[in-house]
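Participant: Heads up: take any position in the sequence shown, counting from 1, add 1, and you land on this note's numbering.
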Amino acid sequence: MSDTEAKRDIMSLLIRARNVDSADKGAYTMSDQAMMEQVLTFLGAGHETTASGLAWTLWLLANDQESQKRLRDEVLPVLANNSRPDYRSLKELQWLDCVVMESLRVLPPVPMTFRSAKKTDYIDGVLVPKGTIFYIPIRVVNTWKELWGEDAEEFRPDRWLNLPKAYSSSSSVLSFLSGPHACIGKTMAIMEMKAVLTTLIANFEFEPAYEGQIIQPTAAVTMKPKDNLPLRIRRVQRQ
């Protein structure tokens, strides 16, 4: 049974979760307005960040033809059987996962964020008053050489096939943050990137637009290319 037939879409899942909560009189029950806002968060907040993530991924693959070809070789058989692969099919593609995770590590769509201390407390012996603003350097954490090695700034998808012993899924990559305030759309964003990337790589070859091209990242909330990141694109010639 497909996810659609089983009603595993976002709205159906939220409605079922609310029905379960409603059965418990002491539990919080999500209102209709709250449900609508959650769906808008998934669709709205996920759109810009996913688009930025895809742009950076295509740039990285344009400069790594070997990884791009390996990805194409992996996705073509899947698309040959089903032009619209489902969640499970995409999840099983190992190299696709390596490419997406490495892209999000090296060039995260949101490279930094901030948090405010909810109460006065001590961190490692240092007094932190309530309301203190914390700067969280996401990209700095993602490319920490003590964990990832001297090539931490480089795009190497194969590193995800043999992660460092000190790697932690909750703190080594903060592209979606971590803990109770982590991005609620993480899984959806990753699957969106995988779905779009699969189709693009299967049908087109990507190269830098010109020799010596360098990226010009600009960051407000999301990190976008200043020059819109032109690339040279050719349709894949199939035999």
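C-beta: ideal position from N, C-alpha, C; glycine also.
Sort out for me which residues DSSP pairs residue 232 with in a bridge.
Facilitator: Note: residue 232 sits in a beta bridge opposite 209.
Participant: Within its chain, find whatever has a CB closer than 8 Å to the CB of residue 18; leave out the 5 residues flanking it on each side and keep chain order.
Facilitator: Excluding positions up to five away in sequence, the list reads 31.
Participant: Taking residue 117 as part of the beta strand (DSSP E), name the residues at either end of that continuous run.
Facilitator: Unbroken beta strand (DSSP E) run through residue 117: 114-117.
Participant: Using a Cβ-based criterion (distance less than 7 Å to any ligand heavy atom), does residue 152 qualify as near the ligand NAP?
Facilitator: As presented, the structure is devoid of all ligands, the ligand NAP included, so that no description of it is given.
Participant: Considering only residues of the same chain and omitting the five flanking positions on each side of residue 113, which have a CB-CB separation below 6 Å?
Facilitator: Excluding residues within five positions, the ones whose Cβ falls inside 6 Å are 138 and 139.
Participant: Considering only C-alpha positions, which residue in the set 175, 124 and 185 is nearest to residue 38?
Facilitator: Nearest option by C-alpha distance: 185.
Participant: Spell out the partners DSSP gives residue 191 in its beta bridges.
Facilitator: Bridge partners of residue 191: none, in fact.
Participant: Would you grab the beta carbon distance between residue 221 and residue 50 for me? Rounded to a whole angstrom, and I think it's under 8 Å.
Facilitator: Actually they do not touch by this definition, with Cβ atoms about 12 Å apart.
Participant: Rounded to a whole number of angstroms, what is the C-alpha to C-alpha distance between residue 176 and residue 152?
Facilitator: Approximately 19 Å between the Cα atoms of the pair.
Participant: Between residue 225 and residue 68, what straight-line distance do the alpha-carbon atoms span, to the nearest angstrom?
Facilitator: Each residue's Cα considered, the two are about 23 Å apart.
Participant: Give me, in chain order, the residues of the same chain whose beta-carbon lies closer than 7 Å to that of residue 217; leave out the 5 immediate sequence neighbours on both sides.
Facilitator: 226, 227 and 228.
Participant: According to DSSP, which residues form a beta bridge with residue 88?
Facilitator: DSSP, once it has assigned bridges, lists no residue as partnering residue 88.
Participant: Going by Cα to Cα distance, which pick from 48, 90, 206 and 164 is closest to residue 238?
Facilitator: Checked all of 48, 90, 206 and 164; the closest Cα to residue 238 is 206.
Participant: Tell me which residues share the same chain as residue 57 and place their Cβ nearer than 7 Å to its Cβ, disregarding the 5 neighbours each side in the sequence.
Facilitator: Contacts found: 104 and 108.
Participant: Using 8 Å for Cβ pairs, my map puts residue 203 next to residue 59. What's the rounded Cβ distance?
Facilitator: With a Cβ gap of about 13 Å, residue 203 and residue 59 do not count as contacting.
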